[in-house]
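Asks: Taking our numbering, the leading residue of the sequence shown gets 269, the next gets one more, and so forth.
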Amino acid sequence: MNRLREWRDEFFRPGEIQLLVWSTAWFFCLLGGYYQLRPLREAEAFSRGSDEIPWLFLASFIAMLVASPIYASVANLGRGMRLVSRVYRFFELNLLVFFIAMQASDPNIAAWVGRVYFVWLSVFNLFVVSLMWSVFTDAYRSDQAKRLFGFISAGGTIGGIAGSAFASWLSKQADVSYVLIAGIVALELCQQYGRIFASALRKQNQANDESDNPIEETPALGTTADLPPTDDLASTDYADPPKEKHSMWVGIRAVWNSPYLLGLCLFMLALQACATTVYCEQADFIREANLNKADRFALMSKINLWVLSLTLAVQLLGTAALLRRLGMAIVLGVFPLIYVVGFAGLAFWPSLNWIVGLVVVHRAASYSVFAPGIQVLYTVVDRRTLYQAKGFLDTAVVRGGDVMSAQLFGLLRFSGLSLTAIATGFLPLAVLTGLLGMRIGRKQAQMQQRGRPAGHD
Numbered sequence: 269m270n271r272l273r274e275w276r277d278e279f280f281r282p283g284e285i286q287l288l289v290w291s292t293a294w295f296f297c298l299l300g301g302y303y304q305l306r307p308l309r310e311a312e313a314f315s316r317g318s319d320e321i322p323w324l325f326l327a328s329f330i331a332m333l334v335a336s337p338i339y340a341s342v343a344n345l346g347r348g349m350r351l352v353s354r355v356y357r358f359f360e361l362n363l364l365v366f367f368i369a370m371q372a373s374d375p376n377i378a379a380w381v382g383r384v385y386f387v388w389l390s391v392f393n394l395f396v397v398s399l400m401w402s403v404f405t406d407a408y409r410s411d412q413a414k415r416l417f418g419f420i421s422a423g424g425t426i427g428g429i430a431g432s433a434f435a436s437w438l439s440k441q442a443d444v445s446y447v448l449i450a451g452i453v454a455l456e457l458c459q460q461y462g463r464i465f466a467s468a469l470r471k472q473n474q475a476n477d478e479s480d481n482p483i484e485e486t487p488a489l490g491t492t493a494d495l496p497p498t499d500d501l502a503s504t505d506y507a508d509p510p511k512e513k514h515s516m517w518v519g520i521r522a523v524w525n526s527p528y529l530l531g532l533c534l535f536m537l538a539l540q541a542c543a544t545t546v547y548c549e550q551a552d553f554i555r556e557a558n559l560n561k562a563d564r565f566a567l568m569s570k571i572n573l574w575v576l577s578l579t580l581a582v583q584l585l586g587t588a589a590l591l592r593r594l595g596m597a598i599v600l601g602v603f604p605l606i607y608v609v610g611f612a613g614l615a616f617w618p619s620l621n622w623i624v625g626l627v628v629v630h631r632a633a634s635y636s637v638f639a640p641g642i643q644v645l646y647t648v649v650d651r652r653t654l655y656q657a658k659g660f661l662d663t664a665v666v667r668g669g670d671v672m673s674a675q676l677f678g679l680l681r682f683s684g685l686s687l688t689a690i691a692t693g694f695l696p697l698a699v700l701t702g703l704l705g706m707r708i709g710r711k712q713a714q715m716q717q718r719g720r721p722a723g724h725d
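#1: If you follow the alpha helix (DSSP H) that Trp622 is part of, which residue opens it and which one closes it?
#2: Express the C-alpha separation of Met672 and Val648 in angstroms, rounding to a whole number.
#3: For Trp380, which of helix, strand or coil comes out of DSSP?
#4: Roughly how many whole angstroms lie between the Cα atoms of Trp622 and Asp552?
#5: Where does Asn572 land, buried or exposed, given buried means 16+ other C-beta within 10 angstroms?
#6: DSSP state of Leu685, grouped into three classes?
#7: Smallest Cα separation from Arg350: which of Glu320, Val403, Glu312, Ala335?
#8: Would you mind sorting Phe535 into buried or exposed? The rule is 16 or more other CB atoms within 10 Å of its CB.
#9: Run through DSSP, which three-state label would Tyr408 get?
#10: How would you label Asp499, buried or exposed, when you count the other beta carbons within 10 angstroms and need 16 or more for buried?
#11: Hey, out of Tyr302, Gly702, Gln716, Met332, whose CA is closest to Asp650's CA?
#12: Comparing alpha-carbon positions, which option in Gly678, Ser467, Gln459, Ala541 lies nearest Arg667?
#13: Excluding the 5 residues preceding and the 5 following Gly348 in the sequence, name in chain order all residues of the same chain whose CB lies nearer than 8 Å to its CB.
#14: Between the C-alpha atoms of Gln712 and Val447, what's the straight-line distance to the nearest angstrom?
#15: Within 10 angstroms of the Cβ of Ile426, are there 16 or more other Cβ atoms? Answer buried if so, exposed if not.
#16: If you compare alpha carbons, which of Phe392, Ala311, Trp323 is closest to Tyr339?
#17: Expressed to the nearest angstrom, what Euclidean distance is found between the alpha-carbon atoms of Ala502 and Ala422?
#18: Check each candidate in Ser619, Leu299, Gly702, Val665 and name the one with the smallest Cα separation from Leu457.
#19: Mapping the DSSP letters down to three states, classify Phe603 as helix, strand or coil.
#20: Would you check if the distance between the CB atom of Ser603 and the CB atom of Phe638 is smaller than 9 Å?
#21: Check each candidate in Pro640, Val518, Ile708 and name the one with the smallest Cα separation from Ala664.
#22: For Leu562, which residues in the same chain have their Cβ closer than 7 Å to its Cβ, ignoring the five residues on either side in sequence?
#23: Taking the straight line between their C-alpha atoms, what separation do you get for Trp574 and Thr544?
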């Protein structure tokens with residue numbers, strides 16, 4: 269017990285535990301609510317298999333492009349909890365409208381509501397999580413962020429597990445559309461915890477101002493390489509970019525002029541092709557299983573629960589230590605082997621159980637190891653090139669890769685190819701992706717040893 273107190277006193281500064289509790293509670297409720305809403309998206313979309321997924325991905329990509337400048341304009345009107353309340357209350361109203369619309373008995377109306385909901389949730393996830401991290405990066409100093417953000421991220425993972433478990437339970441008790449009401453409650457709790465967090469922060473700042481030895485101000489956190497992301501939902505870019513011109517074309521030029529970043533771009537596109545193919549195949553296997561809406565919802569809730577539980581287990585073992593011991597060449601080379609084994613299994617033993625197992629393993633590995641590993645690759649990139657290229661790679665390449673891969677899958681299915689044939693065809697791509705990943709990992713290690721930034725190299 270004494271050792272625990274000594275560790276607490278050494279690790280935490282006065283007043284930090286209270287701030288950590290409320291900020292973690294905020295992220296817990298936010299991801300808990302999201303992982304209740306997410307299975308409903310798949311339950312609606314997977315009823316039609318992969319037929320509409322290419323167009324849903326395209327619509328989601330366009331919606332994010334349209335929503336980003338609108339969100340930026342809203343953000344200019346205020347910051348902190350005032351902005352949080354405006355955005356979260358707007359989304360609460362959206363959820364209420366979706367709940368009412370989903371009570372419609374007309375199958376055509378229900379189908380269109382499901383399509384709109386699929387696109388809406390992609391935008392919702394992007395902004396509510398990004399806004400939360402914006403509040404935290406304004407509130408916490410650099411030294412605090414490095415010590416505390418890992419705890420907050422783990423709290424979000426546990427919240428996702430709780431939300432997935434609750435959604436699975438709710439699917440057996442009531443109509444699955446009631447998770448929308450649970451989502452409204454979760455957003456309200458986020459705001460309450462956010463206000464308590466802001467109040468505690470004000471009191472701590474006032475106490476620091478009155479102290480004879482105020483805590484020294486330090487710059488905002490400049491890198492997230494040592495902060496393991498919770499999943500594909502959390503924003504990991506906490507730093508404020510330098511004041512210089514940014515555009516998609518600037519990012520394209522930065523990537524094109526750097527062989528290192530160009531290789532990373534090709535690697536990410538190949539990975540997105542594999543991941544999107546798995547997603548589309550999952551949709552078709554679920555459609556062929558003839559599951560009703562409640563069963564589809566329950567299955568997706570269980571998949572999320574398994575994914576997040578496995579993710580948390582790996583994070584507790586120490587993602588950072590795992591990356592250091594294995595090295596980036598092994599991490600980037602081994603991760604695509606999941607797709608090699610998965611596609612081989614689909615080619616010889618196609619089944620719903622196999623695709624479910626593949627989805628769980630590849631998502632958990634991505635959240636716990638691969639996504640933090642990708643952030644490590646940026647640590648050898650000079651600051652100017654980083655801010656020019658990272659936005660392009662994280663948005664246009666990743667999301668655009670999703671759209672192009674989904675369109676390709678749709679064309680292959682339209683041409684008459686079976687799921688087994690498509691899985692077989694993607695085997696060579698998965699192997700080449702692993703080889704490319706190993707090459708990039710070795711390049712990163714060499715540049716780190718030389719202390720050479722990858723700019724226009």
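All residues carry an ideal CB built from backbone N, CA and C; glycine is no exception.
These numbers come from a predicted model, not from an experiment.
Replies: On the basis of the data shown:
#1: Counting along the chain, the alpha helix (DSSP H) containing Trp622 begins and ends at 620 to 633.
#2: Near 29 Å, if we compare the C-alpha coordinates of Met672 and Val648.
#3: Of the three classes helix, strand and coil, the one that applies to Trp380 here is helix, per DSSP.
#4: Each residue's Cα considered, the two are about 13 Å apart.
#5: Buried is the call here.
#6: Coil at Leu685, not helix or strand.
#7: Ranking Glu320, Val403, Glu312, Ala335 by Cα distance to Arg350 puts Val403 first.
#8: Phe535 is buried by the Cβ-count criterion.
#9: The three-state secondary structure of Tyr408, taken from DSSP, is coil.
#10: Model confidence at Asp499 stands at a pLDDT of 36, short of 50, so the residue's coordinates are unreliable; what they give is reported in the following sentence. By the neighbour-count rule (16 or more Cβ atoms within 10 Å), Asp499 is buried.
#11: In terms of Cα proximity to Asp650, the closest of Tyr302, Gly702, Gln716, Met332 is Gln716.
#12: The shortest C-alpha separation from Arg667 is found at Ala541.
#13: Val403, Asp406, Ala466, listed in sequence order.
#14: For the pair Gln712 and Val447, the Cα-to-Cα distance works out to about 44 Å.
#15: The residue is buried, with at least 16 neighbouring Cβ atoms inside 10 Å.
#16: For Tyr339, the nearest C-alpha among the options comes from Phe392.
#17: Its pLDDT being 35, under 50, Ala502 is placed unreliably in this model, and the value from its coordinates should be taken loosely. If you draw a straight line from the Cα of Ala502 to the Cα of Ala422, it comes to about 12 Å.
#18: Relative to the Cα of Leu457, the nearest Cα in the group Ser619, Leu299, Gly702, Val665 belongs to Leu299.
#19: The three-state reading of DSSP puts Phe603 in coil, since its state is none of H, G, I, E or B.
#20: Checking the displayed sequence, the identity of residue 603 turns out to be Phe instead of Ser. For the pair Phe603 and Phe638, the CB atoms are nearer than the 9 Å cut-off.
#21: Residue Val518 is the option with its Cα nearest to Ala664.
#22: The residue you asked about is not Leu; residue 562 is Ala in the sequence shown. Apart from the 5 residues on each side of it in sequence, Ala562 sits with its Cβ closer than 7 Å to the Cβ of Ser439, Val444 in its chain, given in chain order.
#23: Each residue's alpha carbon lies about 20 Å from the other.
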